[in-house]
Amino acid sequence: MSFRNQIVSIAALLALASLFVPQQSVAQNSTNPYAIVEGWAKLPGGRVMGAVGKAKVDPDGRHIWAVIRCDAGPDRFGSECVDSDLDPVLKFDPDG
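Rendered as structure tokens:
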């Protein structure tokens, strides 16, 4: 087989192989159905919302459980709830 025929064969093989490469898909191909509702979560006693460590939907599908850092300054990061009477785990109903 001549050098030219080898090049043509390799090019044809690569073209054929490219047909079997999976197409890249977009992870988010639709619009986001969710919207931010400012002030939705109402904390007891006028408590200020701290950083949210974790949030999860209750198995009932209607309530949200959240781990919220107690309201303290940045100087206590990581130990915000130490010596605090505030509950760090809260359950929110659909109305906040």
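Just so we're aligned, residue 2 is where the sequence shown starts under this note's numbering, counting upward by one. The beta carbon of each residue, even a glycine, is placed where N, CA and C say it ideally should be.
Beyond the five residues adjoining it in sequence on each side, Cys71 comes within less than 8 Å, by CB distance, of Gly51, Glu81, Cys82, Ser85, Leu87 and Pro89 in the same chain, given in chain order. In this structure, DSSP gives Ile65 an extended state, which the three-state scheme calls strand. Val58 is bridged by DSSP to Ile65. In the DSSP assignment, Val83 falls outside any beta strand (DSSP E) and carries neither an H nor an E. The three-state reading of DSSP puts Leu44 in coil, since its state is none of H, G, I, E or B. In the displayed model, Val9 falls within a helix according to three-state DSSP.
Boundaries of the beta strand (DSSP E) around Leu91: Val90 to Phe93.
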